[in-house]
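Chains as they are written, first to last, in the numbering used here: chain A, 1 to 113; chain B, 114 to 514. The structure appears below as structure tokens.
Next up, the structure:
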């Protein structure tokens, strides 16, 4: 399983508030999937930390200073998510639409187990 | 806890999860499936519970935890097998295995069911947006499986019965006592961690009360255990009574469990004749170096000779090999209980003890090792008279409330 460390199929260049993310996916992701099919994901294995990690760390440092983070967050938003699993599993609306109908399971158990 | 909506069960927290160590791993590496924007295609070959195979999925990075997994009772359910095999015979193994597959295997806990999602038993569902939580949640992981007995007692869900003092006063969660050391199983080599005399290898536990008593009240309450405080009962009874004999209150017992497979739905189901609250002190069925007490609290387990009759006749021919009133550690500890009121709240009070008339006639043989036939006499009489027998006490205590 060593391949995880190299393979990064998810690239979240910038982490936003969840609301913004959802909005963004609605626009670029689930509309037709066109934007998401661009093959930007398969970054070559590199010894350098991936960009996402750097940003995440920077953000962590910044979050202690709340106000600045908020400003920084709205600055840029280049989000490229190419993992189809993630695209769907981040989006409440898609999940609601695609969920299997809930089967009424009538439990025949009686008494406490 | 309110049940989760279907989408809530499967939504990932995009703000936190992708940046975690596990979030860097491709979904497919753990879950299989296919890259596609169509749900049906994407879910082809999906592995819903990757941690059922922790060796492949988690083993590279958590070799120490995974190495112990085979000895983990949560994984191997060896505790159930130990008692089933003792009450059954090898010829019935196939039918018992079939029963086990239908009714018991789903109780097994995977890594993910303690760290990632709610147990499948309650319908699954991510706990924290797919983050791998170090500390399992008391109510969403532990008591999702251990709810009807342990959880309800600990959290005080029974009318008129207070929650356990460790929860009420100490705000303690399960894992404050049940650490990862216990929850993950035992390393193959004791010597890897221990040196000195205790490093002798012991077989992994084959039952929840097998081997070292862990956790143990005495570890945290040393003075009480050695009678090193001002409390006369501690000085008098240090070691011969389990702590629960004095510090727990009524707890759950169950009767008559039967299992079958539904003709209409094909789903396995069970039925019990009933559960009830009671408090019974009996002789210790598991007395050992690790559990030295002469007297402990006992609860009735719902096994019966015909519990598995759906799968075959007489599958449990050795019912008498084990008591049906078993060693119990109720999770409703209180500083003050009816028993701690006075010495004679217990001495001479046959109601608190498991006497022969408390036991179903067909189960008397199985319980002969735990039934109390000599109730300790009222303290004033202790030196004056010889201990009185159960039958005599029953008459005397009938008049005492």
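Ideal Cβ placement from N, Cα and C applies to all residues, glycine included. Fair warning: this is a prediction, and the values are worked out from it, not measured in the lab.
Requested in this report: Compute the distance between the beta-carbons of residue 240(B) and residue 361(B), then report whether it is under 7 Å.
Outcome: no
Requested in this report: Check the Cβ-Cβ distances between residue 213(B) and every residue of chain A, and say whether any is below 7 Å.
Outcome: no
Requested in this report: Taking only the alpha-carbon atoms, compute the straight-line gap between residue 357(B) and residue 286(B) and give it to the nearest angstrom.
Outcome: 19 Å
Requested in this report: Identify, in the order they occur along the chain, each residue of the same chain with its Cβ nearer than 7 Å to the Cβ of residue 159(B), setting aside the five sequence neighbours on each side.
Outcome: 144, 145, 146
Query raised in the report: What does residue 125(B) touch in chain A if you count any residue whose Cβ is under 8 Å from its own?
Result: 86, 89, 90
Query - Integer Cβ distance of residue 328(B) from residue 290(B), believed to fall under 8 Å - result: 4 Å
Query raised in the report: Who does residue 413(B) pair with in a DSSP beta bridge?
Result: 438(B)
Query - residue 238(B) and residue 117(B) closer than 7 Å at C-beta - result: yes
**Report entry** Burial state of residue 310(B), where buried means 16 or more other Cβ atoms lie within 10 Å
**Finding:** exposed
**Report entry** Beta-carbon proximity check, residue 480(B) vs residue 472(B), cutoff 7 Å
**Finding:** yes
Report task. Could you spell out where the alpha helix (DSSP H) holding residue 292(B) opens and where it closes? Result -> Where residue 292(B) is concerned, there is no enclosing alpha helix (DSSP H), given that its DSSP letter is neither H nor E.
Requested in this report: Along the beta strand (DSSP E) that carries residue 571(B), what are the first and last residues, could you check?
Outcome: Past the boundaries of the shown model lies residue 571(B); chain B is included only from 114 to 514, so the question cannot be answered.
Query raised in the report: According to the Cβ coordinates, are residue 188(B) and residue 319(B) closer than 7 Å?
Result: no
Query raised in the report: For the segment 241 to 272 of chain B, which residues have a beta carbon sitting closer than 7 Å to at least one beta carbon of chain A?
Result: 261
Query raised in the report: Taking the continuous alpha helix (DSSP H) assigned at residue 516(B), which residues delimit it?
Result: This structure gives no information on residue 516(B), because the portion of chain B shown stretches from 114 to 514.
Query raised in the report: Should residue 459(B) be flagged as near chain C, meaning a C-beta pair shorter than 7 Å?
Result: Considering every chain present, this structure includes no chain C. Its protein chains are A and B.
**Report entry** Runs of beta strand (DSSP E) lying entirely within the segment 352 to 406 of chain B, each at least 3 residues, in chain order
**Finding:** 364 to 374, 381 to 391, 394 to 396
Query raised in the report: Listed from N- to C-terminal order along the chain, which residues in the segment 148 to 164 of chain B have their beta-carbon within a distance smaller than 8 Å of any beta-carbon of chain A?
Result: 148, 149, 150, 152, 155
Query raised in the report: DSSP three-state call for residue 81(A): helix, strand or coil?
Result: strand
Report task. Take residue 454(B) as the anchor and find which of 359(B), 414(B), 436(B) has the nearest alpha-carbon. Result -> 359(B)
Requested in this report: Taking residue 421(B) and residue 372(B) to be in contact with their CB atoms under 8 Å, please state how far apart those CB atoms are, rounded to whole angstroms.
Outcome: 6 Å
Report task. Just confirm the distance between the C-beta atoms of residue 208(B) and residue 428(B), as a whole number of angstroms; I'd bet it's less than 8 Å. Result -> 6 Å
**Report entry** Nearest neighbour of residue 246(B), chosen from 224(B), 186(B), 234(B), 395(B) [CA to CA]
**Finding:** 224(B)
Query - Proximity to residue 397(B) [Cα-Cα], best of 364(B), 339(B), 322(B) - result: 322(B)
Query raised in the report: Any C-beta of chain A sitting closer than 7 Å to the C-beta of residue 479(B)?
Result: no
Report task. Quick one: measure Cβ to Cβ for residue 249(B) and residue 255(B), integer angstroms, because I've assumed they're closer than 8 Å. Result -> 6 Å
**Report entry** Whole-angstrom C-beta distance between residue 452(B) and residue 435(B), which should lie under 8 Å
**Finding:** About 27 Å separates the two Cβ atoms, so there is no contact after all.
Report task. Report the residue ranges of all alpha helix (DSSP H) runs contained in full by the segment 301 to 349 of chain B; include only those spanning at least 4 residues, in chain order. Result -> 330 to 333, 335 to 338
Query - First and last residue of the uninterrupted alpha helix (DSSP H) at residue 152(B) - result: 152 to 155
Query raised in the report: With burial defined as no fewer than 16 other Cβ atoms inside 10 Å of the residue's Cβ, what is the status of residue 100(A): buried or exposed?
Result: exposed
Query - Residues of the segment 379 to 412 of chain B whose Cβ lies closer than 8 Å to any Cβ of chain A, in chain order - result: 380, 382, 383, 384, 385, 386, 387, 388
Query raised in the report: Taking 7 Å as the CB-CB cut-off, is residue 224(B) touching chain A?
Result: no
Query - Where residue 213(B) falls: helix, strand or coil (DSSP) - result: helix
Report task. Within its chain, find whatever has a CB closer than 7 Å to the CB of residue 391(B); leave out the 5 residues flanking it on each side and keep chain order. Result -> 363, 366
Query raised in the report: Name the DSSP beta bridge partners of residue 230(B), please?
Result: 239(B)
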